[in-house]
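Participant: So the sequence shown is residues 1 to 466, counted in the numbering used here. Here's a structure for you.
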Amino acid sequence: MERTQTIERHSIDYIPAEERHGKPWHLFTIWFSSNVQITGFVTGVLAVTVGLNLTWAIASILIGNLVGGLFMAYHSIQGPRLGVPQMIQSRAQFGFLGALLPVAMVLAMYLGFAVEGGVITGQALAHWAHIPLTVSVVIQVAIPAVIAIVGYKVIHLSTRVVSILSAVVFVILTFALGAHLPAHVPSGPAPTFGNILLAISIFVSWQLTWAPYVSDYSRYMPEDTPSRTTFLWTYAGSALGASWVMILGALAATISAQQVGDDAIGMLSHLVPGLGPVILLAILIGVVPAGAYGYYGMYLSAMSAISAKGHGAANARVRTVFILLTSVLVTAGILLANGHILTTVESITLFLLYLLVPWTAINLTDYYLIRRGNYDIGELFKIRGTYGLVNRPAIVTYLIAIALQIPFINTPLYTGPLAERLGGADISWIIGLVVATVLYYGYSRANSRRQVQGASASQPAAKSPS
């Protein structure tokens, strides 16, 4: 993509060196703007509603985000090194067709998040602007969809503007919430080990769900961008940004869990007398980047599933049609999910998170421990290339890791038997990460040894000197 070009022409294809641009700090605004927004605030409320006092709620928020952020930030390093979107890399681990499995899970996740976020912001905008809910939903779907259609350059630009706006608003809200805290915050009953682990798992999962997005927004960076710099700017924007706004959510829940649970945006808009409408509008604008990531990511993931190419003017037209159709689907989902159905959507999305954990483990293990960043990019786009059609051992590893997580899951719709024995602790993500890493690494190392032995056996025997 040239600097003078507004509409992005690239898709899942490799970004050549002459079109690489941007600075590492741009990654900070990408991930800061996507985390410092109302959905992160509401997620922080869960630390209190699961039964933790304020001290343990803050600790669980920090631990969960700082740990989960490590995995998503390591994905960010892959962008400048490989120059392709995140999900296209799965072909190296799962095969050209085998990658359809994780891609399908990611597409379902994108749709789930789009509907959930749309219900919250659609209702808030309708209330604030005194317009019908349908009109409100169309507006809040259309703005991020248009940004995603234009593409990468405008996405980055919009996040810089929203980062400044969100920082100002949440600084104001930080002081406002602090002023409303009771002089002596009740400690409440001692939290259980299970509740603490459940809360930590929620915040780890928040960070892990960004993993399928990450390389999409670092792949235009110059290839010689230092890995440490890429990692730190991504990590700071995501882990620290999320921790800040989630702690505010925990503070709000401490003041009034019922009020923030019923209408979080309304509560925040009334904290600062006279500035309520401005704060509400800023909060609504703050969810635009995450919405744009959703449409953009859905398009790239869908292309990863069906295409071997993806560059040129035709790409812009295909992206436009795809995003328009997707936005219609999301709009319908938001309107149908209005009300109690949202709880079901959230629970389904939580299950999708468990499906992403083994994918993250396999992808990072392959990149950092097996291939050490050495990939033949051209082969990723060949149906019968080096990486094959289907890598069955990788798929088996993925499915085994998912199966072993199930007994440890704790969600509103399902609680596994081992989670119950652990007092409600949800350690399924730990099980998924460990099992997928160990099995994939073990298989890959064993397969490498077999290939070396096979190559040695095929060499002609050395002749003895006469």
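Note that CB positions come from ideal geometry on N, CA and C, so glycine has one too.
Pull up the DSSP beta-bridge partners for ASN410, would you.
Facilitator: Looking up residue 410 in the sequence shown gives position 410. Per DSSP, THR415.
Participant: Kindly indicate the opening and closing residues of the alpha helix (DSSP H) around THR386.
Facilitator: Mapped onto the sequence shown, residue 386 falls at position 386. It is not in any alpha helix (DSSP H) - THR386 carries neither H nor E in the DSSP assignment.
Participant: Just the C-alpha distance for SER269 and ALA337, rounded to the nearest angstrom, thanks.
Facilitator: One-based indexing of the sequence shown puts residue 269 at position 269. One-based indexing of the sequence shown puts residue 337 at position 337. Each residue's Cα considered, the two are about 24 Å apart.
Participant: Pick from ILE120, PRO24 and SER205: whose alpha carbon is nearest that of SER60?
Facilitator: As a first step, residue 60 is located in the sequence shown; it is residue number 60 there, counting from the start. Among ILE120, PRO24 and SER205, the Cα nearest to that of SER60 belongs to SER205.
Participant: Using 10 angstroms around the beta-carbon of TYR110, count the other beta-carbons present and answer buried if the total reaches 16, otherwise exposed.
Facilitator: Within the sequence shown, numbered from 1, the residue matching residue 110 stands at position 110. When all chains shown are included, TYR110 counts as buried.
Participant: Quick one: residues in its chain with C-beta nearer than 7 Å to the C-beta of PHE32, no 5 flanking neighbours on either side, listed in chain order?
Facilitator: In the sequence shown, the residue the question calls residue 32 occupies position 32. Cβ neighbours of PHE32 beyond the five flanking positions: SER163, GLY237 and GLY241.
Participant: For a test of the three-state rule: what should DSSP assign to ALA26, helix, strand or coil?
Facilitator: Within the sequence shown, residue 26 is the residue found at index 26, counting from 1. First, the amino acid is wrong: residue 26 is His here, not Ala. HIS26 falls in the helix class under three-state DSSP.
Participant: Note down, in chain order, each residue of its chain lying with its Cβ closer than 7 Å to the Cβ of ALA126, except the 5 sequence neighbours on either side.
Facilitator: On the sequence shown, position 126 is the one that residue 126 refers to. Contacts found: PRO132, LEU133 and SER136.
Participant: Taking the CB atoms as reference points, tell me whether PRO24 and THR225 lie closer together than 8 Å.
Facilitator: Taking the first residue of the sequence shown as position 1, residue 24 is located at position 24. Taking the first residue of the sequence shown as position 1, residue 225 is located at position 225. Taking 8 Å as the Cβ cut-off, PRO24 and THR225 qualify as a contacting pair.
Participant: Quick check: does the Cβ of THR386 come within less than 7 Å of any heavy atom belonging to the ligand ZN?
Facilitator: Here there are no bound small molecules, and the ligand ZN is not part of this structure.
Participant: Does DSSP classify HIS130 as helix, strand or coil?
Facilitator: One-based indexing of the sequence shown puts residue 130 at position 130. Here HIS130 sits in coil by DSSP.
Participant: Since GLY73 is in the alpha helix (DSSP H), which residue starts that stretch and which ends it?
Facilitator: Translated into positions along the sequence shown, residue 73 becomes position 73. Inspection of the sequence shows that residue 73 is occupied by Ala rather than by Gly. Following the DSSP letters along the chain, one finds ALA73 inside the alpha helix (DSSP H) bounded by residues 54-82.
Participant: Helix, strand or coil: how does DSSP classify HIS270 here?
Facilitator: Taking the sequence shown and counting its residues from 1, the one referred to as residue 270 is at position 270. Coil.
Participant: Since THR386 and ALA436 should fall inside the 8 Å C-beta cutoff, what is the C-beta to C-beta distance between them, to a whole number of angstroms?
Facilitator: Here residue 386 refers to the residue found at position 386 of the sequence shown. Here residue 436 refers to the residue found at position 436 of the sequence shown. Between ALA436 and THR386 the Cβ distance is about 23 Å, and since that is not below 8 Å, they are no contact.
Participant: Measure the C-alpha to C-alpha separation of ARG392 and GLY98 and round it to an integer number of angstroms.
Facilitator: As a first step, residue 392 must be located in the sequence shown, where it is residue number 392. As a first step, residue 98 must be located in the sequence shown, where it is residue number 98. Taking the straight line joining both Cα atoms gives about 8 Å.
Participant: Verify whether the separation of the beta carbon atoms of VAL103 and VAL330 is less than 8 Å.
Facilitator: Taking the sequence shown and counting its residues from 1, the one referred to as residue 103 is at position 103. Taking the sequence shown and counting its residues from 1, the one referred to as residue 330 is at position 330. No.
Participant: If you check the beta carbons only, do ILE196 and TRP56 fall under 8 Å apart?
Facilitator: The residue you call residue 196 lines up with position 196 of the sequence shown. The residue you call residue 56 lines up with position 56 of the sequence shown. With respect to TRP56, ILE196 sits close: the two C-beta atoms are nearer than 8 Å.
Participant: Can you tell me whether DSSP reads ARG9 as helix, strand or coil?
Facilitator: Numbered from its first residue, the sequence shown carries residue 9 at position 9. For ARG9, the three-state secondary structure derived from DSSP is coil.
Participant: Which value, in whole angstroms, describes the spacing of the CA atoms of THR411 and ARG20?
Facilitator: Walking along the sequence shown from the start, residue 411 turns up at place 411. Walking along the sequence shown from the start, residue 20 turns up at place 20. Cα-Cα distance, rounded: 43 Å.
Participant: Buried or exposed: where does GLU18 fall if 16 or more other Cβ atoms within 10 Å of its Cβ makes it buried?
Facilitator: Position 18 of the sequence shown holds residue 18. So GLU18 ends up on the exposed side.
Participant: DSSP on ASP366, reduced to helix/strand/coil?
Facilitator: Taking the first residue of the sequence shown as 1, we reach residue 366 at position 366. In the structure shown, ASP366 sits in a helix (DSSP, three-state: H, G or I).
Participant: Assuming the contact rule is C-beta atoms closer than 8 Å, PHE203 and ASN65 should be a hit. Round their C-beta distance to whole Å, please.
Facilitator: Here residue 203 is taken as the residue at index 203 of the sequence shown, counted from 1. Here residue 65 is taken as the residue at index 65 of the sequence shown, counted from 1. Contact holds; Cβ gap of about 5 Å.
Participant: Return the first residue and the last residue of the alpha helix (DSSP H) that MET298 is part of.
Facilitator: Walking along the sequence shown from the start, residue 298 turns up at place 298. Here the alpha helix (DSSP H) through MET298 covers 288-306.
Participant: Check VAL435 in the structure and name its three-state DSSP category.
Facilitator: Within the sequence shown, the letter at position 435 stands for residue 435. Here VAL435 sits in helix by DSSP.
Participant: Express the C-alpha separation of LEU173 and ARG371 in angstroms, rounding to a whole number.
Facilitator: Sequence index remark: in the sequence shown, residue 371 carries index 371 (1-based). Sequence index remark: in the sequence shown, residue 173 carries index 173 (1-based). Going by the C-alpha atoms only, they are around 46 Å apart.
Participant: Closest by CA to TYR367, which one among SER444, TYR235 and GLY118?
Facilitator: To locate residue 367, count along the sequence shown from 1; it is residue 367. It is SER444 whose Cα lies nearest to the Cα of TYR367.
Participant: Starting from GLN207 and walking both ways along the alpha helix (DSSP H), at which residues does that stretch end?
Facilitator: Position 207 of the sequence shown, counting from 1, holds the residue named residue 207. Looking at the DSSP string, the run of the alpha helix (DSSP H) that includes GLN207 is 193-208.
Participant: Among ALA179, GLY388 and ASP216, which has the Cα closest to the Cα of MET298?
Facilitator: The sequence position of residue 298 within the sequence shown is 298, counting from 1. Taking only the C-alpha atoms, the option nearest MET298 is ASP216.
Participant: When DSSP labels each residue in this structure, what does ASP216 get in the three-state scheme?
Facilitator: Numbered from its first residue, the sequence shown carries residue 216 at position 216. Looking at ASP216 - three-state DSSP - the assignment turns out to be helix.
Participant: Is it right to say ALA176 is buried, meaning 16 or more other beta carbons lie within 10 angstroms of its own, or is it exposed?
Facilitator: The residue you call residue 176 lines up with position 176 of the sequence shown. When all chains shown are included, ALA176 counts as buried.
Participant: Within a Cβ cutoff of 7 Å, which residues of the same chain sit near LEU433, ignoring the five residues on either side of it in sequence?
Facilitator: Position 433 of the sequence shown, counting from 1, holds the residue named residue 433. These residues qualify, in order along the chain: VAL357 and ALA361.
Participant: Nearest-angstrom Cα distance between ARG81 and THR209?
Facilitator: Taking the sequence shown and counting its residues from 1, one reaches residue 81 at position 81. Taking the sequence shown and counting its residues from 1, one reaches residue 209 at position 209. For ARG81 and THR209, the gap between their C-alpha atoms comes out near 22 Å.
Participant: Determine the DSSP secondary structure at ALA425, reduced to helix, strand or coil.
Facilitator: On the sequence shown, residue 425 is found 425 positions in, with the first residue counted as 1. The three-state reading of DSSP puts ALA425 in coil, since its state is none of H, G, I, E or B.
Participant: Would DSSP call VAL36 helix, strand or coil?
Facilitator: By one-based count along the sequence shown, residue 36 stands at place 36. Reduced to three states, the DSSP call for VAL36 is coil.
Participant: Is it buried or exposed for THR4, if we count other Cβ within 10 angstroms and need 16 for buried?
Facilitator: The residue labelled residue 4 in the question sits at position 4 within the sequence shown. Confidence at THR4 is low in this model, with a pLDDT of 44, below 50, so the placement of that residue is unreliable and no value is reported for it.
Participant: Does DSSP put GLY117 in a helix, a strand or coil?
Facilitator: Sequence index remark: in the sequence shown, residue 117 carries index 117 (1-based). The answer is helix: DSSP assigns GLY117 an H, G or I state.
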